[in-house]
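First comes the structure, then the notes that go with it.
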Amino acid sequence: MDLEAGPVLMPLPTASDLEIERKVVSSADDPVELSWRALAALDYRTGEMSDQLRDLVGKPVKIPGFTVPLEDFASAATEFLLVPFVGACVHTPPPPPNQLVYVKMDEGRRAMMDGWNPVWLEGILHVEDVNSVYGSSSYRVVGMSVTPYS
Numbered sequence: 001m002d003l004e005a006g007p008v009l010m011p012l013p014t015a016s017d018l019e020i021e022r023k024v025v026s027s028a029d030d031p032v033e034l035s036w037r038a039l040a041a042l043d044y045r046t047g048e049m050s051d052q053l054r055d056l057v058g059k060p061v062k063i064p065g066f067t068v069p070l071e072d073f074a075s076a077a078t079e080f081l082l083v084p085f086v087g088a089c090v091h092t093p094p095p096p097p098n099q100l101v102y103v104k105m106d107e108g109r110r111a112m113m114d115g116w117n118p119v120w121l122e123g124i125l126h127v128e129d130v131n132s133v134y135g136s137s138s139y140r141v142v143g144m145s146v147t148p149y150s
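In terms of our numbering, the sequence shown is residues 1 to 150.
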C-alpha cells in the first residue's frame with residue numbers, strides 16, 4: 001500500500017445522488033396505494049378506464065377498505081369482497097361493480113375477516129368481471145396480505 005499517496009477522500013453524496021438511491025431502494029414490486037376514487041374511474045359498462053388505472057393492471061397495489069367474506073361464517077377466508085365502506089353489499093342495492101373488489105388470496109392463504117374495522121389489502125390488480133352472491137365486481141385481486149388499517 002502506498003502511504004505517500006495520501007488518504008483517499010470520498011465526496012459527500014449530493015441531493016441527486018440520494019434521490020437516485022431512493023429510486024433504487026424503491027422496488028417496482030412495491031405496491032401502489034390505490035384509492036376508491038381511482039377505482040371508480042373504470043366505466044364498468046364500456047370498459048374504458050383512466051391511464052392511471054390501466055398502468056396498474058397486473059401490478060401490486062394497496063387498497064384500503066372493509067372485508068365481506070364469501071365463505072359462510074368465516075372469521076378467516078380465502079375469498080372475499082373488499083368494499084369502500086362498512087356494511088356495503090349486505091344491503092340492496094349493492095355498490096356499483098367499480099366499487100367492489102373480488103379477492104382470492106394467493107396460494108390458499110387465509111385473511112382475517114372483521115367487517116367492522118378497515119384493512120389494507122395488498123395484491124395484484126386485474127380488471128375482470130366477477131359475480132358473487134353480493135353483487136358483480138369489475139376487479140379481481142390476487143391477495144398477498146391483509147393488515148389492519150393504520
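C-beta atoms are modelled at their ideal positions from N, C-alpha and C, and glycine is treated no differently.
| request: Report yes or no: do the region 83 to 94 and the region 143 to 150 share at least 3 C-beta pairs separated by less than 8 Å? | output: Touching, no, given that fewer than three Cβ pairs across the two stretches are closer than 8 Å.
| task | Would you kindly work out how many angstroms separate the C-alpha atoms of leucine 42 and tryptophan 36, rounded to a whole number? | result | Cα to Cα, the separation comes out at about 11 Å.
| Got a sec? Which residues, its chain only, sit under 7 Å from alanine 77 by beta carbon, not counting five neighbours each side? | Pro69, Leu70, Glu71, Arg110, Ala111, Met113
| said: Is the separation between the beta-carbon of glycine 173 and that of aspartate 106 shorter than 8 Å? | reply: Nothing can be reported for residue 173, as the shown portion of the chain is limited to 1 through 150.
| My guess is that phenylalanine 66 and glycine 108 are in contact by the Cβ rule of under 8 Å, so how many angstroms apart are they, rounded? | Not a contact, Cβ separation roughly 22 Å.
| task | Give a yes or no on whether the C-beta atoms belonging to proline 132 and leucine 82 are separated by under 8 Å. | result | Strictly speaking, residue 132 in this sequence is serine, with proline absent from that position. No.
| If tryptophan 120 sits next to proline 64, beta carbons under 8 Å apart, how far is it from one beta carbon to the other, in whole angstroms? | Contact between tryptophan 120 and proline 64 is confirmed by a C-beta separation of about 6 Å, below the 8 Å threshold.
| request: Note the first and the last residue of the continuous alpha helix (DSSP H) segment covering tryptophan 36. | output: 36 to 39
| task | Using beta-carbon positions only, say whether tyrosine 102 and serine 137 come within less than 8 Å of one another. | result | yes
| query | Can you list, in chain order, the residues of its chain whose CB lies under 7 Å from that of alanine 40, leaving out five sequence neighbours each side? | reply | These residues qualify, in order along the chain: Asn98, Gln99.
| field | Beta-carbon gap between methionine 49 and valine 141 smaller than 8 Å | value | no
| For arginine 45, does the three-state DSSP call read helix, strand or coil? | coil
| query | Considering only residues of the same chain and omitting the five flanking positions on each side of alanine 15, which have a CB-CB separation below 7 Å? | reply | With a pLDDT of only 44 at alanine 15, under 50, the local geometry of the prediction cannot be trusted, and the value read off the model is given with reservation. Within the same chain, and ignoring the five residues on either side of alanine 15 in sequence, no residue has its Cβ closer than 7 Å to its Cβ.
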